[in-house]
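Colleague: Residue numbers (the working numbering), protein chains in the order written: chain A, 1 to 198; chain B, 1001 to 1286; chain C, 2001 to 2158; chain D, 3001 to 3407. Let me begin by handing over the structure; questions about it come next.
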Amino acid sequence: MSFQDFLNHILSREGVRRLLDAHSSKKYTVKPRRFRNFPTIDLEKCVVCGACADACPVGPSDGKPPALEMTDKGPVLHEDRCIRCGLCAEVCPVSAIQVGTLHEEREEVVKPPKPAEIAVDPDLCIGCGRCERVCPSDAIHVIDGTAEVDRESCVLCEACIDACPVAGAIKLLPMDVEELRRCWTKIVDTKRREVGSR
Amino acid sequence: MIVIDTFVGVTEAFLVGSIYLGLHRKIMARIQRRPGPPIIQELLHTLKFLFKEGYAPITSAEFLYWMVPVFNVIVWSSAVTIAAVYRGNLLPFFAFYAAYKVLSHGAGVSSGSTYTKIGGVRHAIMPAGELALACSLISAYFVTGHMDVSGILAWEKTHGALWRYIPFSTLAFFTLLWIDSPHSPLDPSKGYDIVEGYLTEYPGFLRSLMYTSEAIKYFCELWVFQAVFLGISDPVVHMFVMGGLTAILATLCALTPILTPYQAVGVHVTVAGLMFLDTLVPKPWI
Amino acid sequence: MVCCLLKKLKGLIRSRSIHVSVVNTGGCNGCDIEILACFTYRYDLEQYGIYYHNNPRKTDVLIVTGPVTEQWKDKLPKLYDKVPEPKAVVAVGSCACSGGIFNQDGGRVGGGAAEFIPVDAEVPGCPPRPDEIVKAVVEVLPTFFRRWEFERGGGDGR
Amino acid sequence: MADKAPRGVTVIDLDTGEEKPISHHVPVGPHHPILKEPLRIKLAIRGEEVVDCKVEMGYCHRGIEKIMEGMPWQKAAFLAERVCGICSHAHNMCFIGAVESVSEGEPARRGLFLRYIVQELDRIQSHLIANAAYFYSIEHETMFVWNMNTRERVLDCIEKITGNRILTGWNVVGGVRLDVDEDTLNEVIEVLEEKVVPDVETYRKIASNDPFIKMRSRGVGVITEDMIRRYRVVGPQARASGVAQDIRTIEPVYPEVGFRPITRDHGDNLDRILVRYDEVLQSVELIERMVEELPRGDHRVEMKVEGGHVVNRTEAPRGELVYDMEISRGGVVKKATIRTPSVPNIRVLEAIAPGAPSVADAVAAYASLDPCVACNERFIVIDRDKDEIVFSGKAREVLRACRSKTS
Ligand code: SF4
Ligand code: SF4
Ligand code: SF4
Ligand code: SF4
Ligand code: SF4
Ligand code: SF4
Ligand code: SF4
Ligand code: SF4
């Protein structure tokens, strides 16, 4: 009887269609929207902060480097070690790492407001340019004898503060709590509206 | 002349047998809903193994180990020569089949591995091969009075195909084909549980010889079945019927799991017993 | 000339008929099931003449998955020796390539298959998608076998 | 390859002390057509009859629990997942659940639902590959390929939701990694209803009716309730013998969608196969209900890990999975012990294989236990002073050695 089941199954319309339809693997090489491929690192963008190498779960062992090896030029990926977890892309502060198509989805995520900002006191700044040299993201420049900070690209590393010879010339000003809350509410609202319209 | 005839016949048997084995696999693959290998794949396998390194494992009884595949090819070449090329007596065919069983057992025992031993023993205890063959040939003899293929074919010309007279023996012989086709449920001697049965330890060109003999065997058995029971002597019709038989066998093999040795022996004995029905059951259509 | 033609013919046949055998040397079997998926309808390696049977005696290609664990360190070379020439080894998955995530402080695995047997091709990823495996296998192996006679000299290859 | 046993060799039954003559030892594995993973089954046979069976594990010892020590949860989650590739999501979920239970606050409800939806999808694919492996072991290639075909469709669904086919890294403390929109879920439900359910129903019908499959499976490898108690068999293997134990009854979400464990009575190979098919169909229903009741809101909330000692249990596709961990404040794993379901499930083979009429039956019984060797054993005994391995993986010897040292 179940031989009949088999035959019925094979001879059903669906069955016959599948019997005659030679599948080819080409159709299935399309990676899904969220596929985590090997990370690609944009060394131009990288600020060599090392966060990605810290986050990577594949550590070094004798004879083998870690999956993401930190060099002074930036991280170097060893494909044969990488497990494609995507953690490195998640932690990178400047989105220098992309993991396949998953990344595009992440781009849409609104950047959160920064909880603080770096301010230079023009009265104290002597224009020595040391901050300019140590800044990992090239955000501080001496212009007309005074350092000026580009808030967009600053990653709040405070390296400049450490390097500055004048105490108090560069300050880390925490953002006003009320201000911060306002920013967040605005972001959440826009997000809600987006979801609602979909 | 004889040499050339024989050579051509055996080569043809090998090529055609390989291609039908490839077709067998292709049909199975299609039932499994995948594209499946090209039809010449079995032929390519045989050729590939011919160039591959071969060696005898340390545990093997070397003489037997090397000779079994060679004898296997000789046995089946002779069988195909006598039965198909010269349409001669069928008794040697039976003898060759029995020799093949003994050889497969030898293949199993000689290499010294447990898997092959079990495989060889399993192959030897499957009785339906010889039994069905012997009984159906004897029934054919009783009905037609001939023991050689050309005689039977001549008889069938006047009386009609033999299967109408002895349908159960025909069925038994068909079961023999089923047993000997690849992935057959009734042949546990190459089951995955013992890796590859008596073939496990054969690498390289020895395996290629084994495959060659299997292809010739497949052709030979199909040919004898058609000639004796279906009464077909035209070579072109032969090819088509072989394709049809292969399709049926492939479907049967694709839709069944492999039975355990005991169940397989049970089925074999039942099938062999079937043939006695031929003497009992009246056949009103004759 | 004839010799060269013969070699080419051998290479052609070898590249069209490949038996693989998958050996899991202690991986998480994510790679194994992805390889298994390559033999089902979507990717069906059999259409390229690549057959799967775990019998080392009839193997052409050993696919290694997983880091090499303590128990496998001596068994893997033995298994490799059983495979008759010409043979290739493919390491699938980052484990087999380098020990993967298990090859770091605390782990007790060797650093990939290449430390124990010669590896001819590597497919990184954890696990690689079946289409990546198929692509690698179908592109690399036939070429490998076609060239084998010329590169390693088929003295013992019969 | 094979152990040679001269005639007149006997094996001794450890329980009864009885001596039985055998003709051969047949090693199955660690590299064998039936096995996808390394493991060695040593069968002692007399003719074809299986007289004795020993299971030798430890080919997969990688030291995961040791590597995990000192890792923050973000990394360790990926490691936990790699205990095993087939039920990876269960491992990931159990680990994250353990961390969450020592954290402040509650994980996001929407995240939980999404988590369990993926868990059920994972169960479906795992059960399908388990049954496919069984059909492969009895060499029913067609059913093997058909089951795998259906599994591909389920993997497509998982891929659509999480981005990977297996080893998805889907769970994070507080919820799941990404949100899933309505359309994707509807597509998934559509695939499940239109492709998977009819296929699985057909397979179940074929498996329960086909005379050949029945011949191979009915009455073979029967697990009794006594064995279940003695070997602590868990999961579908236990449920096929009528023991209705399922951790899902005490997990969150499941009671809300009306989960009830499925059992069958015979406890043989066939029933284990059928229970899995039943559970696949049940999982589809559960997914549908979860999608219907999917709450709105965040898919992930921030949770502060307080730390402490925790034991978390999950129903993995193969049965109860336990993570026993010590976690420090901030979420660094101090110590982890993982108890996976396959170990007891495979050990029961030592009870059911002896007496099997042929090697083929013993191997089929093994495959029907849904053995998954990867998680199988993460222990190894090392002599600290000499820095050499004393035992690796032979559970019986290790146990004996431990007992002789402690008692
Ligand atoms: S995290 Fe980003 S910026 Fe920092 S080192 Fe890595 S790649 Fe460069
Ligand atoms: S994807 Fe994961 S494993 Fe690969 S480099 Fe990034 S963090 Fe490391
Ligand atoms: S910041 Fe410091 S170094 Fe730069 S100008 Fe001011 S005083 Fe000079
Ligand atoms: S803090 Fe130091 S290093 Fe940084 S910008 Fe100022 S002076 Fe330069
Ligand atoms: S905080 Fe860092 S990034 Fe910002 S200005 Fe200073 S050094 Fe540059
Ligand atoms: S703020 Fe300091 S710690 Fe943070 S990234 Fe910049 S340099 Fe590194
Ligand atoms: S590479 Fe990844 S998927 Fe493959 S075996 Fe290793 S851990 Fe598993
Ligand atoms: S039972 Fe174990 S080996 Fe199997 S899938 Fe689960 S964790 Fe892996």
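Backbone N, C-alpha and C fix where the C-beta goes; we use that ideal spot for every residue, glycine too.
Spatial neighbours of A:Met175 within its chain, please: C-beta separation below 6 Å, excluding the five flanking residues on both sides.
Modeller: Pro115 and Ala116
Colleague: Counting only Cβ pairs nearer than 8 Å, list the residues of chain C close to A:Asp80.
Modeller: Ser2094, Cys2097, Ser2098, Gly2112, Glu2122 and Pro2124
Colleague: Can you give me the start and stop residues for the beta strand (DSSP E) that A:Gln98 sits inside?
Modeller: Ile97 to Val99
Colleague: In chain D, which residues lie with their C-beta within 7 Å of the C-beta of A:Arg36?
Modeller: Gly3163 and Asn3164
Colleague: In chain order, what residues of the same chain lie with their CB nearer than 6 Å to the CB of C:Glu2034, ignoring the 5 residues before and after it?
Modeller: Pro2127 and Pro2130
Colleague: Note down, in chain order, all residues in the region 3187-3199 of chain D with a beta-carbon under 9 Å from any beta-carbon belonging to chain B.
Modeller: none
Colleague: Could you compute how far the alpha carbon of D:Ile3256 sits from the alpha carbon of D:Glu3288?
Modeller: Sequence check: residue 3256 of chain D is Glu here, not Ile. D:Glu3256 and D:Glu3288 have their alpha carbons spaced roughly 13 Å apart.
Colleague: What is the DSSP secondary structure of D:Ala3336, counted as helix, strand or coil?
Modeller: strand
Colleague: Taking DSSP's pairing of strands, which residues face D:Met3325 in a bridge?
Modeller: D:Val3310 and D:Ala3336
Colleague: Applying a beta-carbon distance threshold of less than 7 Å, which residues of chain A neighbour C:Asn2103?
Modeller: Ser61 and Lys64
Colleague: Can you pull the chain A residues whose beta carbon is under 7 Å from the beta carbon of D:Glu3159, in chain order?
Modeller: Pro32
Colleague: Suppose you measure from the CA of D:Tyr3231 to the CA of D:Arg3347; what does that come to, to the nearest Å?
Modeller: 7 Å
Colleague: Between the region 1054-1066 of chain B and the region 1108-1123 of chain B, are three or more C-beta pairs nearer than 8 Å?
Modeller: yes
Colleague: Which parts of the region 3170-3253 of chain D are runs of the alpha helix (DSSP H), unbroken and 4 residues or longer, counting only runs that do not cross its ends?
Modeller: Listed in chain order, they are 3182-3191, 3197-3209, 3211-3217, 3225-3231 and 3236-3239.
Colleague: Can you check whether the C-beta of A:Pro39 is within less than 8 Å of a C-beta belonging to chain C?
Modeller: no
Colleague: Roughly how far, in whole angstroms, is the beta-carbon of D:Gly3085 from the beta-carbon of C:Gly2110, given that I think they are within contact range, below 8 Å?
Modeller: Actually they do not touch by this definition, with Cβ atoms about 20 Å apart.
Colleague: Within the 8 Å Cβ cut-off, does C:Pro2084 reach chain B?
Modeller: yes
Colleague: For B:Cys1135, name the three-state secondary structure that DSSP assigns.
Modeller: If DSSP states are grouped into helix, strand and coil, B:Cys1135 belongs with the helices.
Colleague: Taking the beta carbon of B:Ala1250 as the centre, do at least 16 other beta carbons fall within 10 Å, making it buried, or is it exposed?
Modeller: buried
Colleague: Taking 8 Å as the threshold (beta carbon to beta carbon), is B:Glu1053 in contact with chain C?
Modeller: Against chain C, the CB of B:Glu1053 has a partner CB under 8 Å away; the residue lies at that interface.
Colleague: Quick check on A:Met175: does DSSP put it in helix, strand or coil?
Modeller: coil
Colleague: Do we get a CB-CB distance below 8 Å when we pair D:Gly3169 with the residues of chain A?
Modeller: yes
Colleague: For D:Pro3487, report the span of its beta strand (DSSP E) as first-last.
Modeller: With chain D covering 3001 to 3407 only, the question about residue 3487 of chain D has no answer from this structure.
Colleague: With a cut-off of 8 Å, does the C-beta of D:Asn3269 fall near any C-beta of chain B?
Modeller: no
Colleague: Using a Cβ cut-off of 8 Å (strictly closer), state whether A:Pro165 contacts chain D.
Modeller: no
Colleague: For A:Ser95, does the count of other Cβ atoms within 10 angstroms reach 16, so buried, or fall short, so exposed?
Modeller: exposed
Colleague: Under 8 Å, do B:Ile1194 and B:Ile1118 count as touching if we go by C-beta distance?
Modeller: yes
Colleague: Please list the partners that B:Ala1029 has in chain C, where partner means a Cβ-to-Cβ separation under 7 Å.
Modeller: Against B:Ala1029, the close residues of chain C are Glu2046, in the order they occur along the chain (beta-carbon pairs closer than 7 Å).
Colleague: Give me the Cβ distance between D:Arg3062 and C:Thr2069, rounded to the nearest whole Å; I'm assuming they're in contact under 8 Å.
Modeller: 6 Å
Colleague: Secondary structure at D:Arg3007, three-state DSSP: helix, strand or coil?
Modeller: Below a pLDDT of 50, predicted positions are generally treated as unreliable, and D:Arg3007, at 46, falls in that range; no measurement from the model is reported.
Colleague: Give every residue of the same chain whose Cβ lies closer than 7 Å to the Cβ of B:Leu1274, excluding the five residues on either side of it in the sequence, and list them in chain order.
Modeller: Excluding five sequence positions before and after B:Leu1274, the CB atoms of its chain that fall closer than 7 Å to its own CB belong to Phe1168, Leu1171 and Ala1172, given in chain order.
Colleague: Apply the 10 Å Cβ neighbour rule to D:Arg3229 and answer buried if 16 or more other Cβ atoms are within range, or exposed otherwise.
Modeller: Under this definition D:Arg3229 is an exposed residue.
Colleague: Using 10 angstroms around the beta-carbon of B:Ala1272, count the other beta-carbons present and answer buried if the total reaches 16, otherwise exposed.
Modeller: Buried, because 16 or more other Cβ atoms sit within 10 Å of the Cβ of B:Ala1272.
Colleague: Among the residues of its own chain, which have a CB less than 8 Å from the CB of D:Glu3049, if the five just before and after it don't count?
Modeller: Within its own chain, the residues whose Cβ lies closer than 8 Å to the Cβ of D:Glu3049, once the five positions on either side in sequence are excluded, are Gly3355, Ala3356, Pro3357 and Ser3358, listed in chain order.
Colleague: Could you check whether B:Val1080 and B:Ala1140 sit closer than 8 Å to each other, using their CB atoms as the reference points?
Modeller: no
Colleague: Use the C-beta contact count for A:Glu107: other C-beta atoms within 10 angstroms, 16 or more gives buried, fewer gives exposed.
Modeller: Note that A:Glu107 scores a pLDDT of 49, beneath 50, so its modelled location is shaky; the value from the coordinates is reported in the next line. In the assembly as shown, A:Glu107 is an exposed residue. Its beta-carbon has fewer than 16 other beta-carbons within 10 Å.
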